[in-house]
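Peer 1:
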Amino acid sequence: VAAWTRQDQAVVNQIFLAALDSAPPFLQAGHRGDSTEARRLLDEDPNNARLVEEVTGRTALMMAAIKGDAEMMRLLLDAPGTAVNQSNALGDTALGIASDKGHAACVKLLLAAGDIDVNLANMWGSTPLMYAAVQGNLSIARLLLAAPTIDITLRDEEGHTAREWAVQKSHKPIVRALDAFAKAPKA
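In the numbering used here, each residue carries its 1-based index in the sequence shown increased by 1.
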């Protein structure tokens, strides 16, 4: 967490790769994007879908979200017991990660999961919608705004909403989309 707080990505990557060396084979297959091996290991033991890497708290679903690997994500979402709302050591979920990385196909797949919580925030209070706003990713913002339970009023630990982040980053199309959402009649 300290390396992440310092935004020392090199150290974060070193920690993750070191932890992955001792991770179960299923998580290693997920990291490699080896869906054939992951499928074989899921067939052997469906509980593999529930595995969490002990140091970082990453799951195979999060690894697929990082890489934008929709094929692996489909495989994992079809596996019984995959925890779509599981958070890692920093509080990020697969949906937050996919939103931050700009992987719209993965965001769509995750939003189709029946029990997805679109408003889960990480340890700094950032939500998937805030990630889309910061990154200026209008297509992902629109996907998230279409979720029935989206809450655009949430604030992060700095007190910012997704709209305020979009304004700060000069992402005018996202500001307009959030404003239109706020004005739209709710069912």
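By construction, the Cβ of each residue, glycine as well, lies at the ideal position given by its N, Cα and C atoms.
(1) Excluding the five sequence neighbours on either side, which residues of its own chain have a C-beta within less than 6 Å of the C-beta of Ala134, listed in chain order?
(2) Tell me which residue opens and which closes the alpha helix (DSSP H) that Met131 is part of.
(3) Would the beta-carbon of Val85 fall within 8 Å of that of Asp44?
(4) With DSSP collapsed to three states, give me the class of Asp180.
(5) Please identify the residue among Met124, Leu145, Glu55 whose C-alpha is closest to the C-alpha of Asn99.
(6) Check whether the Cβ atoms of Ala105 and Ser140 sit closer than 8 Å, and answer yes or no.
Peer 2: Answer, in terms of the structure:
(1) Ala163, Trp166, Ala167, Ile175
(2) 129–136
(3) no
(4) helix
(5) The sequence shown places Ala at residue 99, rather than the Asn named in the question. Per the Cα distances, Leu145.
(6) yes
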